[in-house]
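Residue numbers (my numbering): 14 to 127.
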């Protein structure tokens, strides 16, 4: 499980979202979005036995982080450096998603050979 690079990406995404939640300067809804995104990123790590479900479940933290940025654009006039941390988390989730897709392609190609 920890050997996979997508596990490390999801862990880093959860850490970045957690730190962003700790440094949150927005509304309570924005705080909840960051916390749920961090928890969802951690939960996706444990779905490693079912890559298709893991791939589907990576959409949840991605959508939550995008919703956070939409709320940031609506509610905030001043942007601080900690507002970049959810973007870092989003990038890590996208990288993890690409790794999961790569693993799924590899397993499918090996199934064809057998």
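Built from N, CA and C at the ideal position, the CB exists for glycine as well.
Per-residue burial, residue i [other beta carbons within 10 Å of its own, 16 or more giving buried]
{"i": "residue 37", "result": "buried"}
{"i": "residue 90", "result": "exposed"}
{"i": "residue 50", "result": "buried"}
{"i": "residue 125", "result": "exposed"}
Beta-carbon proximity of residue i to residue j, cut-off 9 Å
{"i": "residue 22", "j": "residue 106", "result": "yes"}
{"i": "residue 47", "j": "residue 26", "result": "no"}
{"i": "residue 100", "j": "residue 19", "result": "no"}
{"i": "residue 137", "j": "residue 95", "result": "Since the first and last residues shown for the chain are 14 and 127, residue 137 lies out of range."}
{"i": "residue 24", "j": "residue 34", "result": "no"}
Nearest-angstrom beta carbon gap, residue j and residue i [assumed within contact, 8 Å]
{"i": "residue 62", "j": "residue 117", "result": "About 13 Å; that fails the 8 Å criterion."}
{"i": "residue 98", "j": "residue 75", "result": "Their Cβ separation, rounded to whole angstroms, is 15 Å, which puts residue 98 and residue 75 out of contact at 8 Å."}
{"i": "residue 72", "j": "residue 42", "result": "That belief does not hold up - the Cβ atoms of residue 72 and residue 42 are roughly 20 Å apart, past 8 Å."}
Residues of its chain near residue i, where Cβ-Cβ distance is below 7 Å and the 5 sequence neighbours each way are ignored
{"i": "residue 67", "result": "57, 60, 61 and 113"}
{"i": "residue 93", "result": "38"}
Alpha carbon of residue i to alpha carbon of residue j, nearest angstrom
{"i": "residue 121", "j": "residue 54", "result": "25 Å"}
{"i": "residue 111", "j": "residue 77", "result": "19 Å"}
{"i": "residue 81", "j": "residue 28", "result": "16 Å"}
{"i": "residue 123", "j": "residue 17", "result": "18 Å"}
Chain-order list of residues whose beta-carbon lies under 8 Å from that of residue i (same chain, five-residue window excluded)
{"i": "residue 70", "result": "53, 56, 57 and 60"}
{"i": "residue 40", "result": "84 and 88"}
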